[in-house]
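The numbering used here numbers the first residue of the sequence shown as 13 and each following residue consecutively.
Written below as structure tokens is the structure these notes are about.
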Amino acid sequence: MNHSTFAELNLSDAVLRSLSDMGFEEPTPIQEQCIPYIMNNRDLVGQAQTGTGKTAAFGIPLVEKVDTNNKQTQAIIQCPTRELAIQVTGELMKIGQHTGGLNVVPVYGGQPIKRQIKSIKRGAQIIVGTPGRTIDHLKRGTIKLDGLQMVVFDEADEMLNMGFRDDMEKILSYSNGAVQTVMFSATVPKSIRKIMNRYMNNPQTVTIERESIAAPNIDQYVVEVRDSVRTEAICRFMDLNEYELALVFCNTKRQTEKLTRKLKTRGYASDFINGDLNQNQRDRVMDKFRNGHIDMLVATDVAARGIDVDDIDVVFNYDVPQDPEYYVHRIGRTGRYGRSGTAITFTAGRKNKQLRYIERNNKIKLEKLSMPTNDEIAEFRMEGHLNDVIETLEKGGLRPYIEQIEAAADGRFTPVEIAAAFLKHQVDGNSNENDFVQNGASNGQSNGKMIQLHFNVGHQQKIGPGHLVGAITGETGISGKLIGDIEIKQNHTIVEIPGKEANKVISVMHKNRVKGNRVAVKAV
Ligand code: ADP
Ligand code: MG
């Protein structure tokens, strides 16, 4: 396909300037194909995977078409979640930043309706909302439809999944079929086709084939391990690859919470996002993820819909997705816009069948990968140290050190032996940094032994794993990753600590405080 430029799409200078400010150099395929139809008032259904630029595909023509001399509401956009509504509003404002007189107003639940009514009264040509609150405004007559030209449903499939079907139909019947209706969706299930037939006028469909976007820049792997080993596997992949931002998908809300607890216990800055969180809580978690305060975000499929973070290094499927489309959505969170990304799916036993179904359906073949062994991680660390050493060598200025070494060698050791001793010391001598050796031990795998310590506090004192990890790491300075299983009982807790650290932990923690309780600590 020959690619067109934004200029070739006959856009105004104002919008072209905005796109250039936004760093959009050329249209994505879905934009290239949809913009002309929408400009020409066609009803349209645009289907493309997550991350392909669907917002601007409707946002650009929308901003172009709005009559800024007219203060009436000319377009209503519907999104499944408040977070998406806010994102879409932001993107439209950016596209319209040089278009004088344009007003975009978001309306969603949880915000005082009075404030929204005021903003709408001031003249909102474009309203972006969630269905509940939009219908509320329509019923109150605070959104007036006399000037309405276009209705857009973004993430239409997700709106249906979330049970907004009646609301969508209500909005469509309010808008009376006379206006241009546009839908964007990652998938077009039957339920969407029904709505198209019923409410849309000879809709144009634009489908960007998955093959052309199933991002060749995402490496997709499958790892077959027992369920109980998945958390450990995630940690090892994180360490081995030095991933900075990871998204981990679970199938259930409960699982997101459980897994997050386990990751935190191992010292990984993580948090979860699921449908049980209210919007404020979700916003707070997303901010932490965006700002890098957490490295791992554990999410359910639905909650992840609003996630708009571009530099996710890796997506882990802790659970095999329930639906082939979910798989595509999940992995589409990484490898965005030319960056490379990795997707790792864990499977075992019966789940293989579901995974093969996903592969067939999506015309993909996942590459087998095994869980990194402790030795591999050790080797990786070793290589890291060696690279540092070589860098130091290249920088020079070693004279005084060479003299020290020569003196220390004293004819008894060769320089190579001394270098080897330094490396060994680096890799496993300093336990603070080299938790990987002991880490595996918590799973009874190899290397250093774990010792169980008895703390005389438990459920009775309302102790959670976080209190113990926090107290131990805070007081002793050892890394949370070193702490193994934590088993909380009614009146005591057993904490696994690497043998090497046990004395330190006992001496520092005995008679110290955990969540305000003076504790007694002893080896079991
Ligand atoms: P979708 O709705 O298809 O999941 P988005 O509209 O959220 O995708 O776009 C994904 C990301 O790509 C956003 O950060 C957006 O700003 C960016 N983007 C969209 N179009 C372009 C473009 N033409 N050039 C560069 N970046 C783009
Ligand atoms: Mg979108």
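Ideal placement from N, C-alpha and C gives every residue a C-beta, glycine not left out.
When secondary structure is reduced to three states using DSSP, P427 falls in the helix class.
Here DSSP, grouped into helix, strand and coil, assigns S282 to strand. G304 and V517 have their C-alpha atoms roughly 30 Å apart. Collapsing the DSSP output to three states places H305 in coil.
Taking all protein chains shown into account, H437 has fewer than 16 neighbouring C-beta atoms within 10 Å of its C-beta and is therefore exposed. No residue range can be given for S187, since it is assigned to no alpha helix (DSSP H) and is classified by DSSP as neither H nor E.
F392 sits in a helix when the DSSP states are folded into three classes. Under the criterion of beta carbons closer than 8 Å, Q472 and N503 qualify as touching, at roughly 5 Å. Sequence-distant Cβ neighbours of G65 in its own chain, meaning closer than 7 Å and more than five residues away, are T40, I42 and Q43. I47 has its alpha-carbon roughly 27 Å from the corresponding atom of A316. Here the distance from the Cβ of E167 to the nearest heavy atom of the ligand MG is below 7 Å. Look at E487 here: in three-state DSSP terms it is helix. Beta-bridge partners of L480 (DSSP): none assigned.
Counting only the Cα atoms, V237 lies some 11 Å from Y330. Taking 8 Å as the cut-off, the Cβ atoms of R302 and V327 do not count as close.
DSSP places Q128 in the helix class (H, G or I) of the three-state scheme.
Two segments are said to touch when three or more pairs of C-beta atoms, one from each, lie closer than 8 Å; by this definition the region 232-246 touches the region 273-293.
Here G58 is near F196, since their CB atoms are less than 8 Å apart. By the Cβ rule, the region 350-369 does not count as touching the region 384-394, because fewer than three pairs are nearer than 8 Å. Its Cα nearest to that of T62, the residue L96 stands out among N82, L410 and L96. For the pair T193 and V163, the CB atoms are nearer than the 8 Å cut-off.
Residue pairing by DSSP places A87 opposite I138 and M162 in a beta bridge.
In this model, E221 and T359 are separated by some 27 Å (Cα to Cα). In the three-state reduction of the DSSP assignment, V75 falls in the helix class, which pools H, G and I.
Looking only at G35, C247 and I138, the smallest Cα-Cα distance to K83 is reached by I138. In the structure shown, L31 falls within a helical segment according to DSSP collapsed to helix, strand and coil. Taking every protein chain shown into account, the CB of S32 has fewer than 16 other CB atoms within 10 angstroms, so this residue is exposed.
Excluding five sequence positions before and after R424, none of the CB atoms of its chain fall closer than 6 Å to its own CB. Contact annotation: T85 and G159 have beta-carbon atoms nearer than 8 Å. A distance below 8 Å separates the beta carbons of I356 and F249.
For D320, the shortest C-beta to heavy atom distance toward the ligand ADP is below 7 Å. Within 10 angstroms of the beta-carbon of P412 lie fewer than 16 other beta-carbons, which makes it exposed. In the structure shown, the three-state DSSP call for K461 is coil.
In the DSSP annotation of this structure, the continuous segment of the beta strand (DSSP E) that includes Y233 starts and ends at I230 to E236. The criterion of a C-beta distance shorter than 8 Å is not satisfied by I306 and R294. According to the DSSP assignment, N374 belongs to the alpha helix (DSSP H) that extends over K363 to N374.
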